[in-house]
Amino acid sequence: MLFFAFLFILVAILHIFFPKFGWFMRYGWMVKDRSEPSDAYILMTRISSVIVLIVFLFVFLPVLFN
């Protein structure tokens, strides 16, 4: 269980600092030309990752360490 918590935190931090990487892993390989994610996608990815990380840290981590 602790491994999955660490993995979840790692993925959220990667999405905060490198949102283009997530886009290329999910959508970038499907397009033929060299396409880039929009600024709105990058902003929403960062915002949602921060929110998810905060919720995870305040809700699930105390449960793991009890």
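Note that full-length UniProt numbering numbers the sequence shown so that position 52 is 52, with each residue one more than the last.
The beta-carbon is built from N, C-alpha and C at its ideal position, and this holds for glycine as well.
Query, Result
"To the nearest angstrom, report how far apart residue 59 and residue 12 are at their CA atoms.", "15 angstroms"
"Could you check if residue 19 is buried or exposed, using at least 16 other CB atoms within 10 Å of its CB as the buried criterion?", "buried"
"Could you work out which residue in 63, 29, 3, 23 is closest to residue 44 when comparing CA atoms only?", "23"
"Which residue comes first and which comes last in the alpha helix (DSSP H) that contains residue 26?", "19-26"
"Run through DSSP, which three-state label would residue 34 get?", "coil"
"Could you check where the alpha helix (DSSP H) with residue 65 kicks off and where it finishes?", "No alpha helix (DSSP H) holds residue 65; DSSP gives it neither H nor E."
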